[in-house]
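**Student:** Take a look at this one; I'll ask things after.
Number of protein chains: 2
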Amino acid sequence: MGATPPLSPLAPSDFPDLPVIEGVSFATAEAGVRYTGRPDVMLAKLVSATTIAGAFTRSATRSAAVLDCQEKIGQNSDAGAAILVNSGNANAFTGRNGTDAVKALTEATAKTLNIPEDRVFTSSTGVIGEALPHQRITDKLAELSKALAPGDISAAARAIMTTDTFPKGSSTTVTIDGQQVRIAGIAKGSGMIAPDMATMLVYIFTDAAVDQPVLQSMVTALNRKTFNCITVDSDTSTSDTLLVAATGASGIRITESSVGFMEGLRQVMLDLAHQVVRDGEGATKFVEIAVTGAASDAEARIHGMAIANSPLVKTAIAGEDANWGRIVMAIGKSGARADRDQLSIRFGDILVANEGWVNPDYSEDEAAAYMKNQELEIHVDLGLGGGTAVVWTCDLTHGYIDINADYRS
Amino acid sequence: MGATPPLSPLAPSDFPDLPVIEGVSFATAEAGVRYTGRPDVMLAKLVSATTIAGAFTRSATRSAAVLDCQEKIGQNSDAGAAILVNSGNANAFTGRNGTDAVKALTEATAKTLNIPEDRVFTSSTGVIGEALPHQRITDKLAELSKALAPGDISAAARAIMTTDTFPKGSSTTVTIDGQQVRIAGIAKGSGMIAPDMATMLVYIFTDAAVDQPVLQSMVTALNRKTFNCITVDSDTSTSDTLLVAATGASGIRITESSVGFMEGLRQVMLDLAHQVVRDGEGATKFVEIAVTGAASDAEARIHGMAIANSPLVKTAIAGEDANWGRIVMAIGKSGARADRDQLSIRFGDILVANEGWVNPDYSEDEAAAYMKNQELEIHVDLGLGGGTAVVWTCDLTHGYIDINADYRS
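Structure representation (structure tokens):
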């Protein structure tokens with residue numbers, strides 16, 4: 001696997017204290033799927049009537065576990081549920097064998113926890129193209145079941161890590177009609193050290209009571225503005241999975257109009273999404289790209305992602321070079337509408353270019369000083385309409401090449 | 410500008426001997442647009458009745474020179490024509506000023522050569538966002554006009570270089586009904602050292618007589634299979650320009666059915682396109698990606714470009730890692746149709762994966778040995794239909810980061 005890369009310079013100082021979410025309990029185990037001497041399986045058990053919503057990779061080559069989750073999501077059930085995740089082996093591109101492995105895991109988990117099989121959701125992350133030794137996991141189910149405890153979410157965050165340089169967690173508490181509901185989530189994702197995939201896995205839990213269709217529509221809408229607006233290197237995993245489970249244990253019912261709950265969920269999702277960018281391979285800069293004045297929100301996002309994914313923009317940022325010409329280039333190639341002579345570009349508060357030409361007051365020294373910051377904001381205004389988007393990315397450095405051009409042996 | 414990078418390890422051993430194309434003459438001059446001590450302007454003068462076809466960047470932020478060429482292309486004229494190209498300054502993102510500079514250049518060239526202004530085509534390549542000091546070029550027009558000579562195409566190839574590590578030329582001779590027509594072309598393009606743009610400029614000349622609409626339809630079709638099938642880093646210049654001029658001096662008329670001529674033109678275009686990839690920044694491997702079995706040719710190209718542009722695939726190639734999992738990932742994210750369980754992947758003659766899983770006879774040692782070659786072939790079969798495409802790219806190395814993350818100062 002090569003050496004573990006050093007802790008990202010953009011990592012948060014500590015793993016946060018996450019509140020206990022009533023209705024969910026966690027356990028982890030060392031199943032030895034691939035790694036030894038560390039937990040590599042996490043099980044989350046959810047009380048009966050928990051609703052579960054999700055979002056998944058749109059890859060045409062998605063893994064068997066993703067296909068299985070997609071089939072099961074959207075139902076309403078009074079039965080309990082479970083989420084089982086292993087690290088070390090992604091069970092991706094394993095042909096028919098992959099489907100059988102998912103079946104073996106969900107069947108055994110259902111039996112152990114006495115819940116219906118269609119209420120068991122699994123994810124796998126790690127090497128691809130190798131058969132998942134699923135029996136190593138099912139052999140641990142009795143142990144996992146016994147160990148289930150409400151407070152072990154931080155251990156779960158660690159068990160699902162592959163090449164992450166830090167565990168990722170976030171939470172918030174929302175007050176609704178004087179009563180509190182809690183939201184807590186964990187994530188993994190950073191990029192890949194050969195032969196891992198850059199799988200992003202996210203599990204969020206709340207004690208609110210939310211009907212499944214309401215929860216699903218919130219998750220779908222928020223996913224579009226959070227996880228779907230981050231990019232490390234434009235590459236997409238075959239296994240990306242986001243699951244949000246509402247246990248209802250607080251007794252507080254959330255409806256479509258619960259703006260406060262939706263805002264809390266958005267904060268947790270955005271925080272976890274940002275943490276994934278901060279753990280981007282080789283990242284030394286965290287970059288927010290805000291696009292305004294586009295012909296539509298969709299076109300604003302296309303421009304934002306074209307800038308965020310441009311190797312030339314990302315290397316310029318790594319080199320602390322205020323190279324606005326590369327931003328113009330990325331906008332031009334994006335395919336969305338732009339008018340060269342209406343464009344303006346800011347780095348932070350510095351107006352770099354305006355109406356298609358460099359700002360006459362632009363100071364290269366001032367811009368160069370700004371680019372030395374670890375957190376950067378690039379603002380592009382297209383001058384065409386009311387479309388806006390914000391996307392987040394990191395720079396492209398020698399560290400990325402070191403990690404990804406490593407020999408597999 | 411930083412130090413000139415060393416000669417690409419993928420460079421051809423020599424600049425080829427290019428034949429004289431009757432009806433076109435060349436001159437170069439040191440105008441000092443930005444560089445000193447080297448020619449930075451080339452002028453090509455074309456005899457009357459020369460037909461000219463072209464293809465241009467589709468960037469929404471394309472430069473004034475490109476817009477001017479696009480406006481002029483497609484006409485038929487009995488007048489002479491000219492192509493004027495400068496290196497050092499791209500005259501891109503220079504607002505209204507850029508349009509004025511193009512007007513000044515075309516007006517002065519037309520006057521000097523006594524041809525209509527709408528028969529003068531210009532290109533500029535180099536730094537962007539800085540006003541083009543066009544008078545330095547027009548001051549040299551009398552000198553250029555006097556120096557025009559039929560044999561100076563190789564000097565022209567050198568005058569248009571910016572960060573290229575070698576000049577690019579190619580030619581062929583086609584026999585039609587026992588008579589010979591000649592095709593010779595030059596190109597520049599490699600990538601960009603800050604603050605240059607990765608402009609690709611290509612000028613091809615033939616002594617065949619070809620009606621403009623016939624020439625244009627050939628160029629459009631061939632461009633799709635040559636220059637539009639190469640990628641260094643997925644980024645697109647605001648100034649990319651391809652012009653093909655047919656002087657008619659051989660007296661041999663080419664029609665739509667002249668398969669031999671079209672094949673000759675294809676060879677020259679493909680050779681120049683490959684030379685641009687071979688001069689990709691930091692490139693150490695030349696990679697051909699052949700896609701078959703896609704739902705359509707268009708979808709095959711989408712898959713091919715997704716593989717060719719994937720930073721994860723490109724770093725794996727740099728690391729000589731036969732990482733077929735990253736190819737599966739790139740296919741999955743491309744947006745074109747794929748069925749995981751129908752996919753097969755070859756590196757050269759080595760069958761790596763078949764019908765969605767690793768080939769049981771696959772030897773990682775054999776694949777690792779293959780990946781040490783400087784020229785690599787990756788073949789993906791989708792197993793869906795008859796769509797095919799071939800695209801070419803290079804690897805992503807520390808050299809790319811060195812060149813592009815350099816400080817601008």
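For the protein sequence lines, the chains are X and R, in the order given. If you're matching positions, the first sequence starts at 1 in my numbering and goes up one per residue. If you're matching positions, the second sequence starts at 410 in my numbering and goes up one per residue. C-beta: ideal position from N, C-alpha, C; glycine also.
#1: Could you name the residues of the region 317-329 of chain X whose beta carbon sits closer than 9 Å to any beta carbon of chain R, in the order they occur along the chain?
#2: Assuming residue 500/R contacts residue 510/R (C-beta within less than 8 Å), just tell me the rounded distance between them.
#3: What residues of chain R sit near residue 355/X, judged by a beta carbon separation below 9 Å?
#4: Leaving out the 5 sequence neighbours to the left and right, which residues in its chain are closer than 7 Å to residue 196/X when beta-carbon positions are compared?
#5: With 8 Å as the threshold, decide whether the Cβ of residue 311/X is near any Cβ in chain C.
#6: Contact between the region 796-807 of chain R and the region 681-688 of chain R: three or more CB pairs below 8 Å?
#7: Secondary structure at residue 547/R, three-state DSSP: helix, strand or coil?
#8: Hey, is the region 262-271 of chain X in contact with the region 209-229 of chain X, meaning 3+ C-beta pairs nearer than 8 Å?
#9: Less than 8 Å between CB atoms is the rule here; does residue 750/R satisfy it with respect to chain X?
#10: Helix, strand or coil for residue 186/X per DSSP?
#11: Is the number of C-beta pairs between the region 721-738 of chain R and the region 684-701 of chain R that are closer than 8 Å three or more?
#12: Measuring alpha carbon to alpha carbon, tell me which of 203/X, 340/X and 137/X ends up nearest residue 34/X.
#13: Report, in whole angstroms, the separation of the C-beta atoms of residue 157/X and residue 119/X, which I expect to be a contact under 8 Å.
#14: Give the residues of chain X in contact with residue 741/R, contact being defined as C-beta atoms less than 9 Å apart.
#15: In this structure, how does DSSP classify residue 13/X when only helix, strand and coil are distinguished?
#16: Which residue's Cα is closest to the Cα of residue 556/R: 433/R, 641/R and 662/R?
#17: Whole angstroms are fine: how far does the CA of residue 98/X sit from the CA of residue 792/R?
#18: From what residue to what residue does the beta strand (DSSP E) around residue 377/X run?
#19: Taking buried to mean at least 16 other C-beta atoms within 10 Å of its own C-beta, is residue 185/X buried or exposed?
#20: Going by DSSP, name the residue or residues bridged to residue 723/R.
#21: Residue 421/R to residue 641/R, Cα distance in whole Å?
#22: Within the 8 Å Cβ cut-off, does residue 197/X reach chain R?
#23: Count the other CB atoms, across all protein chains shown, that sit within 10 Å of the CB of residue 239/X; report buried if there are 16 or more and exposed otherwise.
#24: Can you give me the start and stop residues for the beta strand (DSSP E) that residue 577/R sits inside?
#25: From residue 615/R to residue 590/R, what does the alpha carbon distance come to, in whole angstroms?
#26: Between residue 74/X and the rest of its own chain, which residues show a CB-CB distance below 7 Å, the 5 nearest in sequence each way excluded?
#27: Any Cβ of chain X within less than 8 Å of the Cβ of residue 807/R?
#28: Just verifying my parser: in three-state terms, what is the DSSP assignment at residue 384/X?
#29: Report buried or exposed for residue 664/R, applying the criterion of at least 16 other Cβ atoms within 10 angstroms of its Cβ.
#30: Taking C-alpha atoms, which residue in 358/X, 94/X, 60/X and 308/X lies nearest to residue 229/X?
#31: Please classify residue 373/X as buried or exposed, where buried requires at least 16 other C-beta atoms within 10 Å of its C-beta.
#32: Along the alpha helix (DSSP H) that carries residue 73/X, what are the first and last residues, could you check?
#33: Out of 381/X, 20/X, 62/X and 376/X, point me to the one whose CA is closest to residue 283/X's CA.
#34: Tell me, please, whether the CB atom of residue 277/X is closer than 8 Å to any CB atom in chain R?
#35: Among the residues of its own chain, which have a CB less than 8 Å from the CB of residue 337/X, if the five just before and after it don't count?
#36: Could you list which residues in chain R have their beta carbon closer than 9 Å to that of residue 33/X, in chain order?
**Tutor:** With the structure as the only source:
#1: Result list: 317, 318, 319, 320, 321, 322, 323, 324, 325, 326, 328 and 329.
#2: One-based indexing of the second sequence puts residue 500/R at position 91. One-based indexing of the second sequence puts residue 510/R at position 101. That pair is a contact at about 5 Å.
#3: By one-based count along the first sequence, residue 355/X stands at place 355. Within 9 Å Cβ-Cβ: 504.
#4: For the purposes of this step, residue 196/X is identified with residue 196 of the first sequence, where counting begins at 1. With a pLDDT of only 37 at residue 196/X, under the threshold of 50, the placement of this residue in the model should not be trusted, and no figure is reported.
#5: Among the protein chains of the structure shown, namely X and R, there is no chain C.
#6: Yes: the two stretches touch, three or more of their Cβ pairs being nearer than 8 Å.
#7: Here residue 547/R refers to the residue found at position 138 when the second sequence is read from its first residue. Note: residue 547/R maps to helix in three-state DSSP.
#8: As far as the Cβ criterion goes, the region 262-271 of chain X touches the region 209-229 of chain X, which means the pair count is three or higher.
#9: Residue 750/R sits at position 341 when you count from the first residue of the second sequence. Yes, residue 750/R lies at the interface with chain X (some Cβ there is under 8 Å from its Cβ).
#10: For the purposes of this step, residue 186/X is identified with residue 186 of the first sequence, where counting begins at 1. Collapsing the DSSP output to three states places residue 186/X in a strand.
#11: Contact holds between the region 721-738 of chain R and the region 684-701 of chain R, because three or more Cβ pairs, one in each stretch, are under 8 Å apart.
#12: The residue given as residue 34/X occupies position 34 in the first sequence. The candidate whose alpha carbon is nearest that of residue 34/X is 137/X.
#13: In the first sequence, residue 157/X corresponds to position 157, counting from 1. In the first sequence, residue 119/X corresponds to position 119, counting from 1. No, residue 157/X and residue 119/X are not in contact; Cβ-Cβ is about 23 Å, not under 8 Å.
#14: To locate residue 741/R, count along the second sequence from 1; it is residue 332. Those are 57, 58, 59, 60, 61, 62, 236, 237 and 238, listed as they occur along chain X.
#15: Position 13 of the first sequence, counted from the start, is the residue given in the question as residue 13/X. Look at residue 13/X here: in three-state DSSP terms it is coil, with no helix or strand label.
#16: Within the second sequence, numbered from 1, the residue matching residue 556/R stands at position 147. Taking only the C-alpha atoms, the option nearest residue 556/R is 433/R.
#17: Against the second sequence, residue 792/R aligns to sequence position 383. Against the first sequence, residue 98/X aligns to sequence position 98. The alpha-carbon separation between residue 792/R and residue 98/X amounts to approximately 20 Å.
#18: Taking the first sequence and counting its residues from 1, one reaches residue 377/X at position 377. From DSSP, the beta strand (DSSP E) with residue 377/X extends over 375-381.
#19: Residue mapping note: residue 185/X aligns to position 185 of the first sequence, counting from 1. By the neighbour-count rule (16 or more Cβ atoms within 10 Å), residue 185/X is buried.
#20: Translated into positions along the second sequence, residue 723/R becomes position 314. Paired residue(s): none; residue 723/R is not in a bridge.
#21: The residue given as residue 421/R occupies position 12 in the second sequence. The residue given as residue 641/R occupies position 232 in the second sequence. Between residue 421/R and residue 641/R, the C-alpha separation is close to 18 Å.
#22: Here residue 197/X refers to the residue found at position 197 when the first sequence is read from its first residue. Reliability of the predicted coordinates at residue 197/X is poor, the pLDDT of 42 falling under 50, and no value is obtained from them.
#23: By one-based count along the first sequence, residue 239/X stands at place 239. Per the 10 Å Cβ criterion, buried.
#24: Counted from its first residue, the second sequence places residue 577/R at position 168. Note, residue 577/R: beta strand (DSSP E), 577-585.
#25: Locating residue 615/R in the second sequence gives position 206, counting from the first residue. Locating residue 590/R in the second sequence gives position 181, counting from the first residue. Going by the C-alpha atoms only, they are around 7 Å apart.
#26: The residue given as residue 74/X occupies position 74 in the first sequence. So the list reads 212 and 216, once near-sequence residues are dropped.
#27: Indexing the second sequence from 1 puts residue 807/R at position 398. Closer than 8 Å: yes.
#28: In the first sequence, the residue the question calls residue 384/X occupies position 384. If DSSP states are grouped into helix, strand and coil, residue 384/X belongs with coil.
#29: Residue 664/R sits at position 255 when you count from the first residue of the second sequence. Under this definition residue 664/R is an exposed residue.
#30: Locating residue 229/X in the first sequence gives position 229, counting from the first residue. By alpha-carbon distance to residue 229/X, the top candidate from 358/X, 94/X, 60/X and 308/X is 308/X.
#31: Along the first sequence, one-based indexing puts residue 373/X at 373. The residue is exposed, with fewer than 16 neighbouring Cβ atoms inside 10 Å.
#32: Counting from 1 along the first sequence, the entry for residue 73/X is found at position 73. Note, residue 73/X: premise wrong, no alpha helix (DSSP H); not H, not E.
#33: Numbered from its first residue, the first sequence carries residue 283/X at position 283. With respect to the C-alpha of residue 283/X, the residue from 381/X, 20/X, 62/X and 376/X having the closest C-alpha is 376/X.
#34: For the purposes of this step, residue 277/X is taken as residue 277 along the first sequence, with counting starting at 1. Chain R, which has no Cβ nearer than 8 Å to the Cβ of residue 277/X, makes this no.
#35: Residue numbering aside, residue 337/X sits at position 337 when the first sequence is read from its first letter. Closer than 8 Å at the Cβ level, and outside the excluded window around residue 337/X, lie 294, 295, 299, 382 and 384.
#36: Residue mapping note: residue 33/X aligns to position 33 of the first sequence, counting from 1. Near residue 33/X there are no residues of chain R at all, since even the closest Cβ is about 17 Å away, more than 9 Å.
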